[in-house]
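One structure is given here, and the rest of the page talks about it.
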Amino acid sequence: MDAILQKESLGRWIAKLQERGEVYAPEFVEDAWEFTKVERGASVELDHTNTVLPAKGFVFPQREVLYRFRIENGKTPELTDTELSVKPMVVFGVRPCDGRATVRNDRVFTCGVSDPYYQARRDSVVFIGLACNAPPSPNCFCVAVGGSPCSEDGLDVLMTDLDGRYHVKALTDKGRDVVNAASDLFQAATAADRNEVSNAQVAALEYPQRSISAMDLVVAALKRNFESPLWDQLARTCIGCGACTYLCPTCHCFDINDEVTSKSPLTGARVRTWDNCQFPDFTMHSSGHNPREDTGARLRQRICHKLLYFVETHNMQQCTGCGRCITHCPVGIDIVRIANVMEEGVWQ
Amino acid sequence: MNGNAYLPQLARIIHIKEEVPGARAIKTFRVEFMNGGGFDHEPGQCAMISVFGKGESMISIASAPTITDYKQFSIMRSGRVTTAIHDMKVGDVIGVRGPYGNRFPVGDWKGRNLVFIGGGCGLAPIWPVIQTAVANRSDFGRITVFYGGRTSRDIMYAAELEKLRGEADVYLSIDSPEDGWDGYCGFVPANVMDKPQNPHNAIAITCGPPIMIKFVINNLREMGFADEQIYTTIENKMKCGIGKCGRCNVGKDYVCVKGPVYSWAQLKSLPQEY
Chain E
1 MDAILQKESL GRWIAKLQER GEVYAPEFVE DAWEFTKVER GASVELDHTN
51 TVLPAKGFVF PQREVLYRFR IENGKTPELT DTELSVKPMV VFGVRPCDGR
101 ATVRNDRVFT CGVSDPYYQA RRDSVVFIGL ACNAPPSPNC FCVAVGGSPC
151 SEDGLDVLMT DLDGRYHVKA LTDKGRDVVN AASDLFQAAT AADRNEVSNA
201 QVAALEYPQR SISAMDLVVA ALKRNFESPL WDQLARTCIG CGACTYLCPT
251 CHCFDINDEV TSKSPLTGAR VRTWDNCQFP DFTMHSSGHN PREDTGARLR
301 QRICHKLLYF VETHNMQQCT GCGRCITHCP VGIDIVRIAN VMEEGVWQ
Chain D
1 MNGNAYLPQL ARIIHIKEEV PGARAIKTFR VEFMNGGGFD HEPGQCAMIS
51 VFGKGESMIS IASAPTITDY KQFSIMRSGR VTTAIHDMKV GDVIGVRGPY
101 GNRFPVGDWK GRNLVFIGGG CGLAPIWPVI QTAVANRSDF GRITVFYGGR
151 TSRDIMYAAE LEKLRGEADV YLSIDSPEDG WDGYCGFVPA NVMDKPQNPH
201 NAIAITCGPP IMIKFVINNL REMGFADEQI YTTIENKMKC GIGKCGRCNV
251 GKDYVCVKGP VYSWAQLKSL PQEY
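From first to last, the protein sequence lines are chains E and D. So the first sequence is numbered by UniProt numbering: it starts at 1 and just counts up by one. So the second sequence is numbered by UniProt numbering: it starts at 1 and just counts up by one.
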């Protein structure tokens with residue numbers, strides 16, 4: 001199902017959706033783009049490149065209460081399960097790299113034992129994507145990891161900017177629902193419109209992106225170089241800040257801790273928070289033994305998880321080429337460069 | 001929320017035994033599920049133990065699967081959660097969720113000789129296997145148990161091991177000589193080398209500190225054990241237990257799901273990050 005929305009009607013579509021729940025869209029706040037809640041009547045212009053934080057927080061928040069506990073002195077603990085009622089939520093302006101990240105996060109959180117918190121949010125959130133048909137950011141490499149600037153994967157709707165109007169393609173039931181909610185705002189898409197979308201997609205692929213010279217050989221290269229001294233060289237500048245993983249749309253590692261609010265009676269919550277494989281204590285046993293003792297081993301873990309282990313398990317890279325980990329690394333560690341170095345076996 | 005995989009069941013501590021005193025204290029806790037809860041487990045599986053207000057730790061289930069009245073955990077005091085458990089008394093309530101992980105394929109070992117090699121707290125994960133083998137004694141050939149602690153005071157399950165002598169050959173060791181010790185003096189791998197085991201039709205199961213496992217495996221291979229005949233467990237740091245939190249991975253495997261039990265043939269194909 002596809003349709004045309006005039007750009008001046010975007011605000012009215014958002015207003016219609018706000019009658020049902022919250023709407024989020026990218027906003028330039030201080031010095032960076034971020035997803036913010038759209039206030040009623042506020043104007044939204046979808047002209048961002050990409051947000052600093054990915055869209056994963058809508059389905060996997062940075063902090064989440066798993067349950068609460070209360071223990072009166074000497075009595076049986078009372079555990080209160082989280083009543084997770086996620087409000088219907090629509091997120092505009094999700095770039096295709098973050099859409100493809102959702103496909104990967106689904107694999108992690110819904111395969112095997114399903115994660116009830118992720119699942120509840122995933123069922124409630126509608127991701128409205130925006131194809132990238134303007135020149136990419138300097139560190140974009142979605143094509144190198146099998147994606148495209150116009151990928152529909154993991155999105156409920158894909159919008160394509162056609163100069164004055166949007167082509168709006170609903171991809172899922174949730175997507176059709178949000179379009180149907182404001183059907184009077186949309187016009188039928190014509191063959192000419194669709195032709196224009198195709199041309200825009202072709203043009204989008206013409207923009208040069210960063211490239212990985214032989215992605216199909218990277219799996220073998222990472223296996224071959226597991227013990228290579230290259231890792232220590234590549235990680236020499238790493239300060240272990242973890243920006244790469246916090247900003248990554250597919251990084252999903254988390255910690256679980258108890259937050260105590262009162263000692264007597266003992267009350268508190270078991271809470272999960274994003275965690276980070278670049279931190280030394282991430283893998284440290286209580287004995288002090290640490291399977292990944294140095295920054296080289298930890299960098300290797302991050303790169304191998306994305307470009308080797310996830311491929312072995314799920315037959316896809318756990319990287320969608322958004323480039324955030326490169327752009328925001330304070331010391332210039334660069335996954336694209338590392339992939340190329342591994343394949344070539346040399347680093348200058 | 002239905003099916004909240006993170007919510008533990010409540011279990012009451014019904015018995016505490018001090019196995020080992022001192023800085024590396026080990027206590028064995030028997031817990032009984034409350035409110036009609038509980039779960040079945042297989043030898044080798046683990047459970048996530050909660051002390052509310054402190055957190056969770058993954059602990060191997062040390063009781064035999066046939067015991068349904070309680071579950072037993074032998075816990076070394078090592079960090080925040082295990083210290084809190086060590087401070088608990090009979091009657092106190094903890095949380096337990098599980099079972100997690102795979103199991104020792106005991107059913108595949110019928111008719112074979114079993115060689116168990118444990119060190120320190122590493123007797124606990126293989127204890128349910130020993131119990132299962134002894135309970136079905138006629139299904140197996142010779143059963144041999146090597147176990148060592150740093151000193152005689154570090155020997156856990158001391159009384160149970162003595163009782164085991166009727167069913168199995170038991171070889172105990174301590175690191176350095178002590179008055180009154182009539183067992184072996186030296187490290188566990190050396191004790192094994194001192195009493196060479198015939199690899200023919202045998203399975204070796206080893207668990208203990210990573211460094212001990214490494215030397216034991218080397219020694220077993222020197223005796224002629226094939227990689228497929230050697231089993232061990234790895235227990236990386238874990239938080240979720242269900243393959244989501246990303247903490248315990250070794251290569252592509254999440255140990256909480258694919259492990260903790262591996263044959264050396266399987267384990268040596270993974271990166272040595274454990």
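Ideal placement from N, C-alpha and C gives every residue a C-beta, glycine not left out.
Supposed close pair residue i, residue j - CB separation, criterion 8 Å
i	j	result
V51(D)	V81(D)	5 Å
residue 357(E)	L158(E)	Residue 357(E) falls outside the range modelled here, since chain E spans only 1 to 348, and no answer is possible.
R153(D)	P21(D)	6 Å
I85(D)	F33(D)	About 16 Å; that fails the 8 Å criterion.
A131(E)	P149(E)	6 Å
A202(D)	R112(D)	6 Å
S124(E)	V65(E)	17 Å between Cβ atoms; not a contact.
Per-residue contacts from residue i into chain D (C-beta, under 7 Å)
i	result
S287(E)	S78
D123(E)	Chain D residues near D123(E): none, gap ~13 Å exceeds 7 Å.
V108(E)	K244
E312(E)	K252
CB of residue i within 8 Å of CB of residue j, strictly
i	j	result
D275(E)	C253(E)	yes
L46(E)	A181(E)	no
Q233(E)	W347(E)	yes
Y67(E)	Y100(D)	no
I26(D)	F116(D)	no
V197(E)	M1(E)	no
Y184(D)	S176(D)	no
V94(E)	F60(E)	no
P88(E)	G11(E)	no
A15(E)	P249(E)	no
G120(D)	G208(D)	yes
Within chain E, the residues that residue i reaches when beta carbons sit closer than 7 Å
i	result
G53(D)	D258, V260, L266 and G268
Y274(D)	P291
E56(D)	I256
N236(D)	T283 and P291
Proximal residues of chain D, C-beta to C-beta of residue i below 9 Å
i	result
D255(E)	K239, C245 and R247
D232(E)	Correct list: empty, because the minimum Cβ distance to chain D is about 15 Å.
D115(E)	A5, Y6, C240, I242 and K244
I71(E)	F52, G53 and V93
H252(E)	K244, C245 and G246
Y309(E)	N249, G251, K252 and D253
Any non-hydrogen atom of the ligand HEM closer than 7 Å to residue i Cβ
i	result
V90(D)	For the structure depicted, the ligand HEM is absent and the ligand set is empty, with no information on it obtainable.
With 16 other Cβ atoms within 10 Å as the buried cut-off, status of residue i
i	result
T261(E)	exposed
R121(E)	buried
I155(D)	buried
K71(D)	buried
C111(E)	exposed
K56(E)	buried
N219(D)	buried
T245(E)	buried
H200(D)	exposed
T237(E)	exposed
D40(D)	exposed
D98(E)	buried
L161(D)	buried
Q62(E)	exposed
N50(E)	buried
Residue i: contacting residues in chain E (beta-carbon distance under 9 Å)
i	result
T82(D)	S286
Residue(s) in a DSSP beta bridge with residue i
i	result
S263(D)	Y231(D)
C46(D)	S60(D) and Y100(D)
N257(E)	V271(E)
G149(D)	I174(D)
A27(E)	One detail in the question is off: residue 27(E) reads as Glu in this sequence, not Ala. Per DSSP, E34(E).
Y67(E)	D81(E) and R270(E)
S262(E)	T267(E)
F92(E)	According to DSSP, which records beta bridges pairwise, F92(E) is partnered with nothing at all.
L217(E)	Answer is none; L217(E) lacks a bridge partner.
N249(D)	Y254(D)
Neighbour list for residue i in chain E, Cβ cutoff strictly below 8 Å
i	result
L7(D)	L66, Y67, L79 and D81
P196(D)	Correct list: empty, because the minimum Cβ distance to chain E is about 29 Å.
P210(D)	H289
Under 8 Å from the C-beta of residue i: neighbouring residues of chain D
i	result
Y246(E)	Near Y246(E) there are no residues of chain D at all, since even the closest Cβ is about 13 Å away, more than 8 Å.
G112(E)	I242, G243 and V257
T76(E)	L10, M34 and V93
F226(E)	P271
Contact with chain A by residue i, beta-carbon distance below 8 Å
i	result
F279(E)	Structure shown: chain A not included; protein chains present are E and D.
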